[in-house]
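J.: Take a look at the following structure, please.
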Amino acid sequence: MTDLNNSITNLKKKYREIFATSLEEINKRIEEIKPKDFSGDILDTYVKGSEGYIWQEQVVKLLNEDISKEIYRKLNEILAYRVKFKCVGCATCCNLACSEFSPEELKIKAQNGDNFANQFLSIFIPYTSKEEARAVYPEYIELLEENKEDKVYFYHCPKLTKDNRCSDYENRPQICRDFPDNPLTLLPKSCGYSEWKSEIEPITLMLHSMLEIVAFYTNKIINLHKNIV
Ligand code: SF4
Ligand code: SF4
Numbered sequence: 067m068t069d070l071n072n073s074i075t076n077l078k079k080k081y082r083e084i085f086a087t088s089l090e091e092i093n094k095r096i097e098e099i100k101p102k103d104f105s106g107d108i109l110d111t112y113v114k115g116s117e118g119y120i121w122q123e124q125v126v127k128l129l130n131e132d133i134s135k136e137i138y139r140k141l142n143e144i145l146a147y148r149v150k151f152k153c154v155g156c157a158t159c160c161n162l163a164c165s166e167f168s169p170e171e172l173k174i175k176a177q178n179g180d181n182f183a184n185q186f187l188s189i190f191i192p193y194t195s196k197e198e199a200r201a202v203y204p205e206y207i208e209l210l211e212e213n214k215e216d217k218v219y220f221y222h223c224p225k226l227t228k229d230n231r232c233s234d235y236e237n238r239p240q241i242c243r244d245f246p247d248n249p250l251t252l253l254p255k256s257c258g259y260s261e262w263k264s265e266i267e268p269i270t271l272m273l274h275s276m277l278e279i280v281a282f283y284t285n286k287i288i289n290l291h292k293n294i295v
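Residue numbers (this note's numbering): 67 to 295.
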């Protein structure tokens, strides 16, 4: 498990480094549209309609239009690249699915029209205990526990046969067909998409950090403007 713990620590360290680089890049773009000879900071409070206030409005536009569009275009390229890799039928994702939501929470979400929760509940049932799930794939459970700060619930699909085949393959829901659709999903080593994930992980982390920074600046500026009469 030492290797596993090391790789998790390295990933967190890598994310911190990538986040710092992304912040530097975004700050550079914010400074590029700053009014000439203006000395204020982007998160200072400015009078409505003033030079600083208009700069903040332009920054929100830059973040939510130009930069966000670039981020989503790159994320779509990453997803399109996934088709070059194939599922090898190891069945781990059928045998062990995790969710931050309990079965009761998923039911409420499904009743409220959440399509993912609805599909998830149509196939997966919860393990009776975490230990039961751990017996299926101990290393994967540990990896999930280490990477999730919140509680994780473990599920499995009863449509999986003893020889690891889907007994309802033609009718499997979209979430089965699309897995893994998030490049940051934790994957077992046996997964045919592991190579895809490791190839695109640095760029995905960078895009993820950029989205965090975009949301941070946007919310801060919107709240500053709300408090200005
Ligand atoms: S429906 Fe089939 S593909 Fe989907 S989780 Fe169940 S066994 Fe796996
Ligand atoms: S874990 Fe990956 S390779 Fe294994 S069944 Fe799921 S998608 Fe296919």
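Each residue gets a CB set at the ideal place from its N, CA and C atoms; glycine is no exception.
Taking only runs of the alpha helix (DSSP H) that begin and end inside the region 248 to 295, which ones reach a length of at least 4 residues, in chain order?
T.: Within the region 248 to 295, the complete alpha helix (DSSP H) runs of at least 4 residues are 260 to 292.
J.: Using a Cβ-Cβ cutoff of less than 8 Å, which residues in the same chain neighbour ILE84 once the five nearest sequence positions on both sides are dropped?
T.: For the purposes of this step, residue 84 is taken as the residue at position 18 of the sequence shown. Within the same chain, ILE84 has close Cβ partners PRO268, LEU271, MET272 and SER275.
J.: Please determine whether the Cβ atom of CYS242 lies at a distance below 7 Å from any heavy atom of ligand 1.
T.: Numbered from 1 along the sequence shown, position 176 holds the residue referred to as residue 242. Correct: CYS242 has its Cβ closer than 7 Å to ligand 1.
J.: Would you call the region 275 to 291 and the region 107 to 122 touching, i.e. three or more CB-CB distances under 8 Å?
T.: They touch, by the three-pair rule.
J.: Please state the DSSP three-state secondary structure of SER165.
T.: Here the question's residue 165 lines up with position 99 in the sequence shown. Strand, per DSSP.
J.: Starting from PHE182, follow the alpha helix (DSSP H) in both directions and report where the run begins and ends.
T.: On the sequence shown, position 116 is the one that residue 182 refers to. That run of the alpha helix (DSSP H) goes 181 to 189.
J.: I'd like to confirm something about SER256: is its beta-carbon nearer than 7 Å to some heavy atom of ligand 2, or not?
T.: By 1-based counting over the sequence shown, the position of residue 256 is 190. Under cutoff, so the answer is yes.
J.: Just the C-alpha distance for THR68 and GLU205, rounded to the nearest angstrom, thanks.
T.: Here residue 68 corresponds to residue number 2 of the sequence shown, with the count starting at 1. Here residue 205 corresponds to residue number 139 of the sequence shown, with the count starting at 1. Residue placement at THR68 is flagged as unreliable, the pLDDT there being 46, under the threshold of 50; the coordinate-derived value follows with that caveat. Cα-Cα distance, rounded: 11 Å.
J.: Does DSSP put ASP103 in a helix, in a strand, or in coil?
T.: Position 37 of the sequence shown, counting from 1, holds the residue named residue 103. In the structure shown, ASP103 sits in coil (DSSP, three-state: anything other than H, G, I, E or B).
J.: Over what stretch of residues does the alpha helix (DSSP H) that includes TYR147 continue unbroken?
T.: Sequence index remark: in the sequence shown, residue 147 carries index 81 (1-based). Taken as a continuous stretch (DSSP letters only), the alpha helix (DSSP H) holding TYR147 covers 134 to 147.
J.: Does the beta carbon of GLY155 fall short of 7 Å from some heavy atom of ligand 2?
T.: In the sequence shown, counting from the first residue as 1, residue 155 sits at position 89. Because some heavy atom of ligand 2 lies under 7 Å away, the Cβ of GLY155 counts as near it: yes.
J.: Is it buried or exposed, SER88, if we count other Cβ atoms within 10 angstroms and call 16 or more buried?
T.: Numbered from its first residue, the sequence shown carries residue 88 at position 22. Its Cβ being crowded by 16 or more others within 10 Å, SER88 is buried.
J.: Let me check you understand the geometry: is the CB of CYS223 closer than 7 Å to at least one non-hydrogen atom of ligand 2?
T.: Mapped onto the sequence shown, residue 223 falls at position 157. Not so, every heavy atom of ligand 2 lies at least 7 Å from the Cβ.
J.: Quick one: is the Cβ of ASP234 within less than 7 Å of any heavy atom of ligand 3?
T.: Absence of ligand 3 is noted for the structure shown, with ligand 1 and ligand 2 being the only ligands found.
J.: Quick one, which of HIS222, GLY118 and TYR259 has its alpha-carbon nearest CYS160's?
T.: Mapped onto the sequence shown, residue 160 falls at position 94. Closest option to CYS160, Cα to Cα, is HIS222.
J.: Which residue comes first and which comes last in the beta strand (DSSP E) that contains TYR119?
T.: By 1-based counting over the sequence shown, the position of residue 119 is 53. Looking at the DSSP string, TYR119 is not in any beta strand (DSSP E); the run it does join, the alpha helix (DSSP H), is 117 to 127.
J.: Quick check: the Cα distance between TYR235 and CYS156, rounded to an integer number of angstroms?
T.: Along the sequence shown, read from residue 1 onward, the residue named residue 235 stands at position 169. Along the sequence shown, read from residue 1 onward, the residue named residue 156 stands at position 90. Approximately 14 Å between the Cα atoms of the pair.
J.: Give me the Cα-Cα distance between SER116 and LEU129, rounded to the nearest whole angstrom.
T.: Taking the sequence shown and counting its residues from 1, the one referred to as residue 116 is at position 50. Taking the sequence shown and counting its residues from 1, the one referred to as residue 129 is at position 63. Using only the alpha carbons, I get a separation of about 20 Å.
J.: According to DSSP, what are the bridge partners of TYR221?
T.: Sequence index remark: in the sequence shown, residue 221 carries index 155 (1-based). According to DSSP, TYR221 bridges with ALA163 and PRO192.
J.: Strictly by DSSP, which residues pair up with LEU226?
T.: Numbered from 1 along the sequence shown, position 160 holds the residue referred to as residue 226. In DSSP, LEU226 forms a bridge with CYS232.
J.: Short of 7 Å in beta carbon distance, which residues of its chain neighbour ASP110, apart from the five on each side in sequence? Order them along the chain.
T.: Taking the first residue of the sequence shown as 1, we reach residue 110 at position 44. Excluding residues within five positions, the ones whose Cβ falls inside 7 Å are GLY118.
J.: For ARG148, verify whether its CB is less than 7 Å away from any heavy atom of ligand 1.
T.: To locate residue 148, count along the sequence shown from 1; it is residue 82. Incorrect: ARG148 has no Cβ contact closer than 7 Å to ligand 1.
J.: Comparing C-alpha positions only, which one of ALA281, GLY258 and ILE108 sits nearest to LYS316?
T.: For the chain, the structure presents residues 67 to 295; residue 316 sits outside this window and is missing.
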